[in-house]
Amino acid sequence: MSELEPIYVDASECTLCQQANRCEGNASCWCYKEKFPKELIDLVPKDLKGKACICQKCLHAFNK
Numbered sequence: 092m093s094e095l096e097p098i099y100v101d102a103s104e105c106t107l108c109q110q111a112n113r114c115e116g117n118a119s120c121w122c123y124k125e126k127f128p129k130e131l132i133d134l135v136p137k138d139l140k141g142k143a144c145i146c147q148k149c150l151h152a153f154n155k
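Residue numbers (the working numbering): 92 to 155.
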């Protein structure tokens, strides 16, 4: 029997590009003013969903 290894997630890194996401984690953050398309969120690996924010650069690149 094997145990699942916990996955370390740095909440300050984008879940797509691993660069700084600059999320403040509260309502004054830039991410609260943006809309994240479901198709973009679907690109986040399953084990990272809901653990850290997608950065502005990835959001804007996706929306182009």
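We put the beta carbon where it would ideally sit given N, CA and C, even for glycine. Note that the structure is predicted; figures quoted are calculated from it, not measured.
For residue i, does the three-state DSSP call read helix, strand or coil?
{"i": "glutamate 104", "result": "strand"}
{"i": "alanine 152", "result": "helix"}
{"i": "glutamate 130", "result": "helix"}
{"i": "methionine 92", "result": "Low confidence applies here, because methionine 92 scores a pLDDT of 48, under 50, leaving its location unreliable; read the following figure in that light. Here methionine 92 sits in coil by DSSP."}
Quick one: is residue i buried, meaning 16 or more other Cβ sit within 10 Å of its Cβ, or exposed?
{"i": "asparagine 112", "result": "buried"}
{"i": "isoleucine 145", "result": "buried"}
{"i": "leucine 107", "result": "buried"}
{"i": "leucine 150", "result": "buried"}
Sort out for me which residues DSSP pairs residue i with in a bridge.
{"i": "alanine 111", "result": "Glu104"}
Thinking residue i and residue j are a contact (beta carbons under 8 Å), I'd like their distance in whole angstroms, please.
{"i": "lysine 126", "j": "valine 100", "result": "Incorrect: roughly 23 Å between the Cβ atoms, too far for contact."}
{"i": "lysine 148", "j": "glutamine 110", "result": "7 Å"}
{"i": "phenylalanine 158", "j": "proline 136", "result": "Residue 158 lies beyond the residue range present for the chain, which begins at 92 and ends at 155; the question has no answer from this structure."}
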